[in-house]
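Chains as they are written, first to last, in the working numbering: chain Z, 1 to 130; chain G, 131 to 405; chain H, 406 to 526. Ideal Cβ positions, reconstructed from N, Cα and C, are used throughout, including at glycine.
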């Protein structure tokens, strides 16, 4: 047969406007997952300053907390973690076979809950920055 | 085809001659598409034709009539404008599974999709199924799909033949009823991003087929275990990420994700039994 | 006998454990955030403060389980994402071993940090 035409993977992400709720959930869960595992390694690395003594630990952590970008990134981390938890709960229900008919609505609910929790936490997270 | 003289006694020859006349008329005349025609944009690709070696979209205007389907539009375009427009179709009633297409951004059957039901019923954009290699125009290579289906042994095969009749209870039939509706159209597999990435993933259609037989009470436990071994491989049920696209696009409304989830739970239960 | 053990390699165990660790992490991660950002405040961290948490034995146990669950869930998640993307053959085997080793190293380092904090309590 004559050769066939392969439209490639880029075509997939170019169609993001046509994504369904379930697809967004999958993409975002993956993305937040990568961020969180990356953070986990970084986190343990930073906490490893404890192995160099109490003063090193205290100075490292307080030093980081004073950098404005770090505080803002922490809010981002919260958003990422909260979404992963909310959608993760949704997935646990799906895995148990509960509520499959409203799986797309439960995705929107998890997005909204994530937004609410993050916005409510911003004051605490950015406290003392100004 | 030769044109036989219509004044012979052969009614078949007469009919063929008239048919060819009509076909010639259709191709040579400009069809009347009414004052509110549908704009049909179709993906064209033909490796054997110079102008179509790079894919392009051709635009056709087809008449808007009550109940007109996307398949009707394609057939009109082929009959009146461009007889080289190539697409699969057969039954026109959503049972053969031939005309699964990507219509206005979603996998659908051409014959089952009325233009009036689309969000945008003025412009209909038709493309071949995503994640499949395109052979020509809207025809895709379905070999991979059939390979995955064959991999789950999609046929009724109890270990021993029963004596006498083999009855199935009404409840059991109800349980597997939806899973028997599959028409092998390939829409689900085309919509699954995991199937697109992982070539070895069995895919929703194949796993649903396995479900249909796994839960059929007329097959024995030994057969069930064999079937489970196939689908609990690394590229079987575990690759499903519950994206739900398959369930959304299935033209026969089969709850595919639900069936895959049930098999995952079943696999875990079977394995926990060894503890 | 060998058949029984090989069934675990099928993927059902990792799938199941991913869900079990997920349920556990929902609770412990939420607790971790609450304790460190709302009850205590991040800019006020000192070694003494962190170490004082370990005065409660249950906290130490929870933290170790938390570390184990998070490491497994994360590393297994990355492995799954790669397989879904279509990584096969040698790259897949390499990825599996790199991830397994990285996971073990992460866990060990986490334990060392825990011990350092416990030692200072």
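For this session: Let me know if residue 67(Z) comes out buried or exposed under the rule of 16 or more other beta-carbons within 10 Å of its beta-carbon.
Result: exposed
Exercise. Alpha carbon to alpha carbon, how far is residue 203(G) from residue 255(G)?
Worked result: 11 Å
Exercise. Straight-line CA distance for residue 216(G) to residue 268(G)?
Worked result: 6 Å
For this session: Using a cut-off of 8 Å between C-beta atoms, extract the partners of residue 48(Z) located in chain H.
Result: 514, 517 and 518
Problem set entry | Limits of the unbroken beta strand (DSSP E) element including residue 233(G) | 230–233
Problem set entry | In chain order, each alpha helix (DSSP H) run of at least 4 residues that lies wholly inside the region 440–496 of chain H | 452–458 and 462–490
Exercise. How many angstroms separate the CA atom of residue 298(G) from the CA atom of residue 343(G)?
Worked result: 12 Å
For this session: Report back the beta-carbon spacing between residue 337(G) and residue 384(G) to the nearest angstrom; my notes put them in contact at under 8 Å.
Result: That pair is no contact at about 11 Å.
For this session: Starting from the Cα of residue 117(Z), find the closest Cα among 78(Z), 22(Z), 18(Z) and 23(Z) and give me that residue.
Result: 78(Z)
Exercise. With C-beta atoms as the reference, is residue 437(H) less than 8 Å away from residue 124(Z)?
Worked result: no
Exercise. Just to confirm, are residue 393(G) and residue 341(G) a CB contact at a threshold of 8 Å?
Worked result: yes
Exercise. Which residues, taken in chain order from the region 417–429 of chain H, show a beta carbon closer than 8 Å to some beta carbon of chain B?
Worked result: The structure shown contains no chain B; its protein chains are Z, G and H.
Problem set entry | Contact list for residue 388(G) against chain H, beta-carbon separation under 8 Å | None at all; the shortest Cβ gap to chain H is about 17 Å.
For this session: Excluding the 5 residues preceding and the 5 following residue 526(H) in the sequence, name in chain order all residues of the same chain whose CB lies nearer than 7 Å to its CB.
Result: Residue confidence is low: residue 526(H) scores 49 on pLDDT, short of 50, so the model does not pin down where it sits. No coordinate-derived value is stated.
For this session: Please report how far the alpha carbon of residue 209(G) lies from the alpha carbon of residue 188(G), in whole angstroms.
Result: 15 Å
Exercise. Just the Cα atoms here: how many angstroms apart are residue 285(G) and residue 353(G)?
Worked result: 12 Å
Problem set entry | Collapsed DSSP secondary structure at residue 168(G) in the structure displayed | strand
Problem set entry | Candidates 430(H), 501(H) and 489(H): closest to residue 467(H) by CA position | 430(H)
For this session: Taking the CB atoms as reference points, tell me whether residue 237(G) and residue 230(G) lie closer together than 8 Å.
Result: yes
Exercise. Of the residues that make up the region 227–256 of chain G, which ones have a beta carbon closer than 8 Å to any beta carbon in chain Z?
Worked result: 235 and 236
For this session: Would you mind telling me which residues of chain H sit closer than 9 Å to residue 328(G), beta carbon to beta carbon, in chain order?
Result: 488, 489, 490, 491, 492 and 493
Exercise. Using DSSP with H/G/I as helix, E/B as strand and the rest coil, what is residue 280(G)?
Worked result: helix
Exercise. Does residue 77(Z) have its Cβ less than 8 Å from a Cβ in chain G?
Worked result: no
For this session: Using a Cβ cut-off of 7 Å, pull out every chain Z residue sitting near residue 371(G), in sequence order please.
Result: 26
Exercise. Under the three-state reduction of DSSP, which class applies to residue 238(G): helix, strand or coil?
Worked result: strand
Exercise. Does the beta carbon of residue 394(G) sit closer than 8 Å to a beta carbon anywhere in chain H?
Worked result: yes
Problem set entry | Buried or exposed (CB count within 10 angstroms, at least 16 for buried), residue 361(G) | buried
For this session: Within the same chain, show all residues whose beta-carbon is closer than 8 Å to that of residue 70(Z), passing over the 5 residues directly before and after it, in chain order.
Result: 64
Exercise. Among residues of its own chain, excluding the 5 on either side of residue 227(G), which ones have a beta-carbon nearer than 6 Å to its beta-carbon?
Worked result: 313, 314 and 315
Exercise. Does residue 2(Z) have its Cβ less than 8 Å from a Cβ in chain G?
Worked result: Residue placement at residue 2(Z) is flagged as unreliable, the pLDDT there being 46, under the threshold of 50; the coordinate-derived value follows with that caveat. Interface residue, yes.
Exercise. Considering only C-alpha positions, which residue in the set 163(G), 153(G), 162(G) and 260(G) is nearest to residue 14(Z)?
Worked result: 260(G)
Exercise. From residue 240(G) to residue 222(G), what distance separates their C-alpha atoms?
Worked result: 8 Å
Exercise. By the 10 Å Cβ neighbour count, where 16 or more other Cβ atoms means buried, how is residue 279(G) classified, buried or exposed?
Worked result: buried
Problem set entry | Under the three-state DSSP convention, the category residue 369(G) falls into | helix
Exercise. Taking C-alpha atoms, which residue in 328(G), 382(G) and 339(G) lies nearest to residue 368(G)?
Worked result: 328(G)
Problem set entry | Three-state secondary structure (DSSP) of residue 211(G) | coil
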